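Taking it in order: structure first as C-alpha cells, then the write-up.
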Amino acid sequence: MAYGRRDTGKSPIRSGVGQWCSSNLPKTVVRHNSQAVLMSSMVHRLLAMASSFWSQWCNIGYGGAGLFVSFAVIAVGAISWHILRKESLALPPGPRGMPVLGNLPFLHPDLHSCFAKMAQKYGPVMRLWLGNKLTVVLSSPSLAKEVLRDNDAIFADRDTPIAMLTMTYGGSGLIWARCDQNWRMLRKVWVGEMLSKVSLDRLYALRHREVWDSMRRIYANAGTSVNVNEHTFSAMINVITSMLWGRTLEGEERRHADKEFRQVVWEMFDLLTKPDVSDLFPVLAPLDIQGKNSKMKKLGSRLDRIFDFIINHHEVKGLSMEGIENKDREHKDLLQIFLQNEEGSKGILDKTQLKALFLDMVAAGTDTASSAVEWAMAELMNKPEKMERAQKELEQVVGMNNMVEETHLPKLPFLNAVVKEVLRLHPPGPFLVPRRTREPCVLRGYTIPSGTQVLVNAWAIHRDPEFWDSPSEFQPERFLSGSLKCDYSGNDFRYLPFGSGRRICAGVPLAERIVPHILASMLHLFDWRLPDGVNGVDLTEKFGLVLRKATPFVAIPKPRLSNLDLYT
Numbered sequence: 001m002a003y004g005r006r007d008t009g010k011s012p013i014r015s016g017v018g019q020w021c022s023s024n025l026p027k028t029v030v031r032h033n034s035q036a037v038l039m040s041s042m043v044h045r046l047l048a049m050a051s052s053f054w055s056q057w058c059n060i061g062y063g064g065a066g067l068f069v070s071f072a073v074i075a076v077g078a079i080s081w082h083i084l085r086k087e088s089l090a091l092p093p094g095p096r097g098m099p100v101l102g103n104l105p106f107l108h109p110d111l112h113s114c115f116a117k118m119a120q121k122y123g124p125v126m127r128l129w130l131g132n133k134l135t136v137v138l139s140s141p142s143l144a145k146e147v148l149r150d151n152d153a154i155f156a157d158r159d160t161p162i163a164m165l166t167m168t169y170g171g172s173g174l175i176w177a178r179c180d181q182n183w184r185m186l187r188k189v190w191v192g193e194m195l196s197k198v199s200l201d202r203l204y205a206l207r208h209r210e211v212w213d214s215m216r217r218i219y220a221n222a223g224t225s226v227n228v229n230e231h232t233f234s235a236m237i238n239v240i241t242s243m244l245w246g247r248t249l250e251g252e253e254r255r256h257a258d259k260e261f262r263q264v265v266w267e268m269f270d271l272l273t274k275p276d277v278s279d280l281f282p283v284l285a286p287l288d289i290q291g292k293n294s295k296m297k298k299l300g301s302r303l304d305r306i307f308d309f310i311i312n313h314h315e316v317k318g319l320s321m322e323g324i325e326n327k328d329r330e331h332k333d334l335l336q337i338f339l340q341n342e343e344g345s346k347g348i349l350d351k352t353q354l355k356a357l358f359l360d361m362v363a364a365g366t367d368t369a370s371s372a373v374e375w376a377m378a379e380l381m382n383k384p385e386k387m388e389r390a391q392k393e394l395e396q397v398v399g400m401n402n403m404v405e406e407t408h409l410p411k412l413p414f415l416n417a418v419v420k421e422v423l424r425l426h427p428p429g430p431f432l433v434p435r436r437t438r439e440p441c442v443l444r445g446y447t448i449p450s451g452t453q454v455l456v457n458a459w460a461i462h463r464d465p466e467f468w469d470s471p472s473e474f475q476p477e478r479f480l481s482g483s484l485k486c487d488y489s490g491n492d493f494r495y496l497p498f499g500s501g502r503r504i505c506a507g508v509p510l511a512e513r514i515v516p517h518i519l520a521s522m523l524h525l526f527d528w529r530l531p532d533g534v535n536g537v538d539l540t541e542k543f544g545l546v547l548r549k550a551t552p553f554v555a556i557p558k559p560r561l562s563n564l565d566l567y568t
C-alpha cells in the first residue's frame with residue numbers, strides 16, 4: 001500500500017500545538033500563493049459549477065434561488081478560505097481542493113469507498129475540505145485506537161448535523177450529546193436501566209411477540225415478492241415501540257400511536273439522508289437554504305405530540321408501578337421503568353431527556369438493524385451453500401417443530417459468524433459517528449485544529465488486505481477460526497462495526513440479540529428464492545447515514561416447516 005507516510009503505530013498524539021512546535025519535526029508548509037489568482041480567473045466558472053453541484057449532490061431544485069445560493073456560498077466560502085489558511089498549519093496530507101467548494105466537486109457519492117481509495121495515495125491520516133469544513137479521515141486500526149481509545153477525551157464530542165440537533169431536542173439524548181457530566185448521567189441511566197442484561201431479559205416477551213408477528217406477516221405473503229428491508233424495518237420499529245410502551249398502550253390506542261410514530265420516524269430518516277448545505281457551510285445555517293431544518297422542526301413537533309400523548313396516558317392511568325405486585329414489575333415496559341425512576345429518584349431525568357433517549361433507541365435499533373438483516377439475506381442468497389449451512393445448523397439446534405428463541409442464539413456459531421461477516425463487509429455506519437476535536441492536538445506529527453471533523457473509515461479498515469484475507473469476499477468461516485475472535489466490544493481495532501471507547505454505540509446489547517434473532521427466524525421458517533428472471537443479487541452499496549443496498553433486496557418466501565400451525 002503506497003502511503004505518503006507509513007502507519008507505524010508508534011507515534012502518539014500529543015495534545016497542544018505548542019508541543020508540536022517545540023519538537024524537531026520539519027516545519028515545511030505548502031502555501032497556497034496561487035489561490036487568489038485561481039479564484040479571480042475562475043469566478044464565472046465557479047458560479048455555474050456551484051449551481052450545478054448543489055443540484056446534483058444536494059438535490060436542490062430552486063430555479064432562480066439557485067443563483068442566490070451560489071453567490072452566497074462563493075462569498076462566504078471565499079472569506080473562510082483565506083481566514084482559515086491565513087495561519088500556516090502542518091495539516092495532514094490530502095488532495096488540493098478548489099476555493100470555496102474545497103474537495104467536494106471531486107468526490108464520488110459513495111464517500112466510504114472514495115475515501116478508501118484516496119487513503120492509498122495520501123496515507124491513513126488524510127485531510128479534506130468539505131466546503132469550508134476541515135475534515136480528517138483515518139483509515140488504519142492503530143489510528144483508530146489512538147483516537148477512539150487512547151486519547152478519546154480530545155475526540156469524544158460529536159460533529160452533529162444541524163437537522164440532527166433539531167431532531168434530538170438539541171442533542172439532549174445520549175448519541176449526539178457533548179461528552180460532559182450530563183452525558184455521563186445519561187449513559188449511566190441507559191446502561192443501568194434501558195439496555196442492561198436484566199432489563200433486556202425482562203423485556204424478552206415483548207420482543208419475541210413482535211418478531212413472531214413479523215414472521216406471520218411474511219407467511220401471509222408467502223409465494224409473493226417481499227421487500228426484506230421494509231419488512232425488517234417495520235419489525236424493528238414494532239420491537240422498539242413494544243419495549244418502550246408496549247404495556248402502557250394497548251389495543252387501538254397503541255396501533256394508532258405506533259402507525260403515526262413509524263411514519264414520522266421514516267420521514268425523519270429519509271430527510272437525514274439528504275446532504276445539507278448548512279453542514280458544509282455552517283455560517284449559512286441560519287438561512288436554512290434547503291428548508292431541511294424547517295421540515296425537521298415540523299416532524300419534531302409531530303413526534304413530540306406522540307410522546308406527550310403516551311406519557312400523559314401513563315400519568316392519567318396511574319401506571320407508576322406503586323402498589324403493583326413484584327410479579328408484574330418484572331413485565332413492565334421501559335416507559336414504566338423510567339417514570340418510576342423519575343418519581344423514585346426525584347426527577348433524575350426531565351421529560352425532554354426521556355423523549356431524546358427514546359428517540360436514541362429508535363435511531364440505534366431500527367435502520368441499522370434492518371439494513372444488517374437485508375445485507376445478510378442478500379449475501380446468503382448469492383452463496384446458497386452458506387445459506388444451506390445456516391439452515392442446517394438451525395435444524396439441529398432449534399428443531400423443525402419449534403420457533404427460534406433468543407436462548408438458541410449462543411448455540412448457533414455459524415449464524416453468528418454470518419452476522420459478524422456482514423457487519424465487517426457492510427458496517428451500518430461506514431464512518432461510525434463523526435467526531436469533533438475539543439482542542440488542538442497533534443496526530444502522527446500533523447496538526448489537527450480544534451473543531452475539526454474526524455471520520456474513522458471503518459469500512460476501509462474492514463477491507464484492508466493487510467489485516468484481512470480476501471477482504472472483499474463474503475466468508476463467515478473466518479470468524480470460526482480460533483485465531484480470529486472478534487466481538488462487538490471494540491477491543492480489536494481491525495473490527496469496529498459499532499465503534500469503540502466511551503462513545504461506542506449504545507445499542508450494542510440490543511443489536512446482539514435482535515439482529516441474529518430476526519435473521520435466524522427468517523432462515524428457519526422460510527426457504528427463499530429470487531423472483532423469476534432475476535439472476536443473482538446486486539450487492540452495490542449506497543452511502544448515507546446508514547450503509548444501505550443501492551437496490552432493495554426482494555425475494556419470495558416459502559414455508560419451510562411442515563407444521564403450518566406454527567405460522568398462525
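Mapped onto the UniProt record's numbering, the consecutive letters of the sequence shown carry residue numbers 1 to 568. Virtual Cβ for every residue (Gly too), placed ideally from N, Cα, C. Bear in mind the structure is a predicted one, so any value in this text is a computation, not a measurement.
In this structure, residue 467 and residue 141 form a Cβ contact; the two beta carbons are roughly 7 Å apart against a cut-off of 8 Å. Of the candidates 162, 547, 477, 485, the residue whose Cα lies closest to the Cα of residue 110 is 547. Judged by DSSP secondary structure, residue 441 falls within the beta strand (DSSP E) whose first and last residues are 441-443. With fewer than 16 other CB atoms across the displayed protein chains lying within 10 angstroms of its CB, residue 96 is exposed. With at least 16 other beta carbons inside 10 angstroms of its own, residue 357 counts as buried. By the Cβ-count criterion, residue 102 is buried, with 16 or more other Cβ atoms from all chains shown falling within 10 Å of its own Cβ. Residue environment for residue 298: exposed (fewer than 16 other C-beta atoms within 10 angstroms of its C-beta). If you check the CB distance, residue 559 and residue 519 do not come in under 8 Å. Classified as buried, residue 135 has 16 or more neighbouring CB atoms from the shown chains inside 10 Å of its CB. For residue 527, the enclosing beta strand (DSSP E) stretches over residues 526-529. Fully enclosed beta strand (DSSP E) runs of no fewer than 3 residues occupy 125-130, 133-138 of the region 109-185, in order along the chain.
Cβ-Cβ distances below 7 Å link residue 163 to 271, 272, 276, 292, 293, 296 in the same chain, with the five nearest sequence neighbours on each side left out; the list follows chain order. Note that the region 175-190 touches the region 348-355; at least 3 beta-carbon pairs, one per stretch, sit closer than 8 Å. Under the three-state reduction of DSSP, residue 549 is assigned to strand. Taking C-beta atoms as the reference points, residue 430 and residue 108 fail to come closer than 8 Å. Contact check for residue 333 against residue 248 passes: the beta carbons are separated by less than 8 Å. Between the region 367-377 and the region 217-225, the count of Cβ pairs shorter than 8 Å is below three; the stretches do not touch. Selection 456, 455, 437 evaluated against residue 447 yields 437 as nearest (Cα-Cα).
In terms of Cβ geometry, residue 139 and residue 461 form a close pair [threshold 8 Å]. In this structure the region 505-522 does not touch the region 530-542; the number of beta carbon pairs closer than 8 Å is below three. Nearest neighbour of residue 170 by Cα position, chosen from 214, 150, 360, turns out to be 360. The alpha-carbon of residue 231 is positioned some 29 Å away from that of residue 457.
Contact annotation: residue 126 and residue 116 have beta-carbon atoms that are not nearer than 8 Å. Its chain contains 141, 144, 145 as the residues whose beta carbon lies nearer than 6 Å to that of residue 493, once the 5 sequence neighbours on both sides are disregarded; these appear in chain order. Boundaries of the alpha helix (DSSP H) around residue 235: 228-245.
The C-beta distance from residue 549 to residue 375 rounds to 7 Å, short enough to meet the 8 Å contact threshold.
When secondary structure is reduced to three states using DSSP, residue 419 falls in the helix class.
Going by DSSP, residue 558 is part of no alpha helix (DSSP H) but of the beta strand (DSSP E) stretching over 554-559. The DSSP-derived three-state label of residue 405 is coil.
Residue burial is scored here from C-beta neighbours: residue 400 has fewer than 16 other C-beta atoms within 10 angstroms and is therefore classed as exposed. Under DSSP, residue 446 forms a beta bridge with 443. Sorting 106, 152, 155 by C-alpha distance to the C-alpha of residue 131 places 106 at the top.
Comparing alpha carbon positions, the residue from 419, 363, 389, 157 closest to residue 513 is 419. Bridge partners of residue 453 according to DSSP: 135, 436. The residue among 383, 239, 540, 503 with its C-alpha nearest the C-alpha of residue 489 is 503.
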